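Visitor:
Residue numbers (our numbering), protein chains in the order written: chain L, 274 to 628; chain E, 1337 to 1624.
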């Protein structure tokens, strides 16, 4: 296991990058602590797979350095870095048995056959496929195949990190939960450094201790699931995490008050915002629908099972509110914003609020 | 349980039956018809029974042509399949080289059989041929008109030149269908170049290879035009393959009966061998 130090890494797929927009990764500077479970979360094309491939050595970065436990590995090949990677689509050697699939990385490294046997059997137990050892790998289901890809990483006792590139994309929904909890268990038992790339927020939030949110080639926030939910540092994090995403409304500031059109919203403190666009962000969970507050026109109520999502119009802006499954929308609906859930953004970045 | 009978279905199948009857069954039946009769011209036929078949199966000339043909097919398969795989593995996977290679590879396949024959007939001549002249100039005695070995070498090289591309293109299609993740996973697993070939590329090429082997076998077993143009089956009978022999019998000597019997036997052999190839290769696939 290793601490992975991503040191000012930039990457471009173009031969001569000039502008910032030429870079798929603008600049990433971050330390993945030894034994941590990280998720890289972001929309397609935000650079998360690029970052993963730079860590695994399938790509060399245009600028910057990569350190494993303080040792520079930027120019080392994938083999020399000793990492494991699980890909989006299960990669198995389909002419081999399950057992041989797991033994393959060890045989390639000329490990003695007795050690191989011991390690493979241990791994088969870990991934719950012991009964399948003699089966041809091609006959297995997608989730079993994905476990084999994982097993080929686990079987090497000295891997520095296990990287996952959207590994659950082709897995049936009910198996996703099973696999994800097995992954968590493996992480707790053996303390692997795991980096998990996904564009699915549920996957990221349930898998990781810390979620790294990427947007347009940059890391916009790193935090625990709760932090990302309560205090999104960037409006993008607000939109992207949560279902539905955060309401972001343009406001004008007057001391401790935010003016949304004709409406006055009391803030918990004075925001330290300079010039530029000021926006107020509030999650639908903190929008209270009732008989007092600002008048809204309700356009739609979506019943999503555990709760209802109310789509309404406030001062010409679309907002969403979450109400309980049994709650009713009042005849003359009004909304209030819970001060605990209010964040103020200046030019898309969150600003602190003073007393 | 009662079966549902609906004879209207026959009307739907009928057009195909008629088409197949006119294109395959009826012509084949005329051959069957000839094969059991004898004629002395004037459209007068006599019943001959299995006489032609017996004669054929006891004819040295037929068996010699057959053995020659089998050896020929075996040699060109042994050269073209490995060579085709090798070239396909080394072809570029992206960039401007791809269309260039594909066009170069497709060129020999686009040339008509008899033109290929003519090209090599001239190319190999030791008086004016570019190849034949210079080989002789190097002091190697090469003359495909007189030396059976030289004739074989010429015919085999010609076939390799003409048809290796087919194997290459089929294998290449199999190779480019392998997702990048497989190669990346192999890198991570520390696989050698040979292991990548053995456990990733070869299994993925297996189906197209089956098609390549079948096509090349059937084609080479039926080869006619190119050796006919280059050597005319000679020197002596040394490059007389089955179909050349057949044409000599049917058109050269106008022995319709023996030629028809030979056609049928020939047809059955190809059918049988193709079936054996197919069964062996697909069973092997299913077992694994």
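Here a beta-carbon is modelled for each residue, glycine too, at the ideal position from N, C-alpha and C. Only a predicted model underlies this, so the values are computations on that prediction, with no experimental measurement involved.
Starting from the N-terminal side, write out each stretch of the alpha helix (DSSP H) that is 4 residues or longer and does not extend beyond the segment 1424-1463 of chain E.
Guide: Segments of the alpha helix (DSSP H) lying fully in the segment 1424-1463 of chain E: 1433-1446 and 1449-1459.
Visitor: Under 6 Å from any heavy atom of the ligand COA, does the C-beta of residue 1415 of chain E make it?
Guide: Summarising the ligand content, the structure contains no ligands, and the ligand COA is consequently not present.
Visitor: Cβ of residue 1539 of chain E less than 7 Å from any chain L Cβ?
Guide: Position 203 of the second chain holds residue 1539 of chain E. It does: the Cβ of residue 1539 of chain E has a partner Cβ on chain L nearer than 7 Å.
Visitor: Who are the Cβ neighbours of residue 482 of chain L in its own chain at under 8 Å, not counting the five residues just before and after it?
Guide: Here residue 482 of chain L is taken as the residue at index 209 of the first chain, counted from 1. Same-chain partners within the cutoff: 309, 310, 311 and 497.
Visitor: Should residue 281 of chain L and residue 298 of chain L be called a contact, given that it needs their Cβ atoms to be closer than 7 Å?
Guide: Walking along the first chain from the start, residue 281 of chain L turns up at place 8. Walking along the first chain from the start, residue 298 of chain L turns up at place 25. It is not a contact, given that the beta carbons lie outside the stated cut-off.
Visitor: Pairing CB atoms from the segment 1562-1579 of chain E with CB atoms from the segment 1526-1539 of chain E, are three or more of them under 8 Å?
Guide: Short answer: they don't touch.
Visitor: So which of L/322, L/606, L/495 and L/401 has the shortest CA-CA distance to residue 587 of chain L?
Guide: Translated into positions along the first chain, residue 587 of chain L becomes position 314. Checked all of L/322, L/606, L/495 and L/401; the closest Cα to residue 587 of chain L is L/606.
Visitor: If you draw a straight line from the C-alpha of residue 436 of chain L to the C-alpha of residue 1509 of chain E, how long is it?
Guide: If you number the first chain from 1, residue 436 of chain L lands on position 163. If you number the second chain from 1, residue 1509 of chain E lands on position 173. Approximately 31 Å, taken between the alpha carbons.
Visitor: Buried or exposed for residue 1576 of chain E, please, with buried defined as at least 16 other CB atoms from any protein chain shown within 10 angstroms of its CB.
Guide: The residue you call residue 1576 of chain E lines up with position 240 of the second chain. Burial call: buried.
Visitor: Answer with yes or no whether the minimum CB distance from residue 1429 of chain E to chain L is below 7 Å.
Guide: Position 93 of the second chain, counting from 1, holds the residue named residue 1429 of chain E. It does not; no Cβ of chain L falls within 7 Å.
Visitor: Less than 7 Å between CB atoms is the rule here; does residue 1533 of chain E satisfy it with respect to chain L?
Guide: Residue numbering aside, residue 1533 of chain E sits at position 197 when the second chain is read from its first letter. Taking Cβ atoms only, chain L never reaches closer than 7 Å to residue 1533 of chain E, which makes this a no.
Visitor: Pairing CB atoms from the segment 495-514 of chain L with CB atoms from the segment 548-566 of chain L, are three or more of them under 8 Å?
Guide: Touching, per the Cβ criterion.
Visitor: Taking 7 Å as the cut-off, decide whether the C-beta atoms of residue 425 of chain L and residue 375 of chain L are in contact.
Guide: Here residue 425 of chain L refers to the residue found at position 152 of the first chain. Here residue 375 of chain L refers to the residue found at position 102 of the first chain. It is a contact, given that the beta carbons lie within the stated cut-off.
Visitor: Classify residue 506 of chain L: buried if its beta carbon has 16 or more other beta carbons within 10 angstroms, exposed otherwise.
Guide: Reading the first chain from its first residue, position 233 is the one you call residue 506 of chain L. Flag for residue 506 of chain L reads buried.
Visitor: Can you list, in chain order, the stretches of the alpha helix (DSSP H) that have 4 or more residues and sit fully within the segment 1362-1405 of chain E?
Guide: Taking only runs of at least 4 residues, the alpha helix (DSSP H) segments lying wholly in the segment 1362-1405 of chain E are 1362-1371 and 1387-1393.
Visitor: Can you tell me the Cα-Cα spacing of residue 503 of chain L and residue 626 of chain L, whole angstroms?
Guide: If you number the first chain from 1, residue 503 of chain L lands on position 230. If you number the first chain from 1, residue 626 of chain L lands on position 353. Answer to the nearest angstrom: the Cα atoms are 14 Å apart.
Visitor: Is there at least one Cβ from chain E nearer than 7 Å to residue 382 of chain L's Cβ?
Guide: The residue you call residue 382 of chain L lines up with position 109 of the first chain. Yes, residue 382 of chain L counts as interfacial toward chain E.
Visitor: Can you give the Cα-Cα distance for residue 462 of chain L and residue 440 of chain L, rounded to whole angstroms?
Guide: In the first chain, the residue the question calls residue 462 of chain L occupies position 189. In the first chain, the residue the question calls residue 440 of chain L occupies position 167. Straight-line Cα distance between these residues: approximately 20 Å.
Visitor: Got a sec: which bits of the segment 425-453 of chain L sit with their beta carbon under 7 Å from any beta carbon on chain E, in order along the chain?
Guide: Going along the segment 425-453 of chain L in chain order, one finds 425 with a Cβ nearer than 7 Å to chain E.
Visitor: Compare the Cα-Cα distances from residue 444 of chain L to each of L/521, L/384, L/414 and L/349 and report the closest residue.
Guide: Looking up residue 444 of chain L in the first chain gives position 171. Measuring from the Cα of residue 444 of chain L, the nearest candidate turns out to be L/414.
Visitor: Of all the CB atoms in chain E, is at least one closer than 7 Å to the CB of residue 358 of chain L?
Guide: Taking the first residue of the first chain as position 1, residue 358 of chain L is located at position 85. Chain E contact via Cβ: present.
Visitor: Which chain E residues are close to residue 369 of chain L, counting only those with a beta carbon under 8 Å from its beta carbon?
Guide: Mapped onto the first chain, residue 369 of chain L falls at position 96. Near residue 369 of chain L (Cβ distances below 8 Å), the residues of chain E are 1535.
Visitor: Is there at least one Cβ from chain E nearer than 7 Å to residue 352 of chain L's Cβ?
Guide: Residue numbering aside, residue 352 of chain L sits at position 79 when the first chain is read from its first letter. It does; some Cβ of chain E falls within 7 Å.
Visitor: Tell me whether residue 373 of chain L sits in a helix, a strand or coil according to DSSP, three-state version.
Guide: Here residue 373 of chain L refers to the residue found at position 100 when the first chain is read from its first residue. It is helical.
Visitor: Would you list the one or two residues that DSSP bridges to residue 345 of chain L?
Guide: Taking the first residue of the first chain as 1, we reach residue 345 of chain L at position 72. The partner list for residue 345 of chain L (beta bridge, DSSP) reads L/340.
Visitor: Provide the residue(s) that pair with residue 311 of chain L in DSSP beta bridges, ordered along the chain.
Guide: Here residue 311 of chain L is taken as the residue at index 38 of the first chain, counted from 1. Residue 311 of chain L pairs with L/468 and L/483.
Visitor: Could you compute how far the alpha carbon of residue 341 of chain L sits from the alpha carbon of residue 322 of chain L?
Guide: Start at 1 with the first residue of the first chain, and residue 341 of chain L comes out as number 68. Start at 1 with the first residue of the first chain, and residue 322 of chain L comes out as number 49. Cα to Cα, residue 341 of chain L sits roughly 19 Å from residue 322 of chain L.
Visitor: How would you label residue 1365 of chain E, buried or exposed, when you count the other beta carbons within 10 angstroms and need 16 or more for buried?
Guide: Along the second chain, read from residue 1 onward, the residue named residue 1365 of chain E stands at position 29. Its Cβ having fewer than 16 others within 10 Å, residue 1365 of chain E is exposed.
Visitor: Is residue 296 of chain L near residue 290 of chain L, with beta carbons less than 7 Å apart?
Guide: If you number the first chain from 1, residue 296 of chain L lands on position 23. If you number the first chain from 1, residue 290 of chain L lands on position 17. Contact: yes.
Visitor: What did DSSP end up calling residue 1414 of chain E once you bin it into helix, strand or coil?
Guide: Translated into the one-based positions of the second chain, residue 1414 of chain E becomes position 78. In this structure, residue 1414 of chain E counts as helix in the three-state DSSP scheme.
Visitor: Which runs of the alpha helix (DSSP H) fall wholly inside the segment 389-460 of chain L and span at least 4 residues, in chain order?
Guide: Those alpha helix (DSSP H) runs which fall completely within the segment 389-460 of chain L and span 4+ residues are 415-427.
Visitor: Quick one: is residue 1517 of chain E near chain L, going by C-beta distance under 7 Å?
Guide: As a working mapping, residue 1517 of chain E is identified with position 181 in the second chain. Chain L contact via Cβ: present.
Visitor: Can you name the residues of chain L whose CB is closer than 8 Å to the CB of residue 1521 of chain E?
Guide: Taking the first residue of the second chain as 1, we reach residue 1521 of chain E at position 185. Ordered by position in chain L, the residues that pass the 8 Å Cβ test against residue 1521 of chain E are 358, 360, 364, 422 and 425.
Visitor: For the putative contact between residue 1603 of chain E and residue 1549 of chain E, defined by C-beta atoms under 8 Å, what is the C-beta separation to the nearest angstrom?
Guide: Reading the second chain from its first residue, position 267 is the one you call residue 1603 of chain E. Reading the second chain from its first residue, position 213 is the one you call residue 1549 of chain E. Actually they do not touch by this definition, with Cβ atoms about 20 Å apart.
Visitor: Where residue 377 of chain L and residue 1619 of chain E are concerned, what is the direct C-alpha to C-alpha distance, given to the nearest angstrom?
Guide: Taking the first residue of the first chain as 1, we reach residue 377 of chain L at position 104. Taking the first residue of the second chain as 1, we reach residue 1619 of chain E at position 283. Distance between the alpha carbons of residue 377 of chain L and residue 1619 of chain E: 26 Å.
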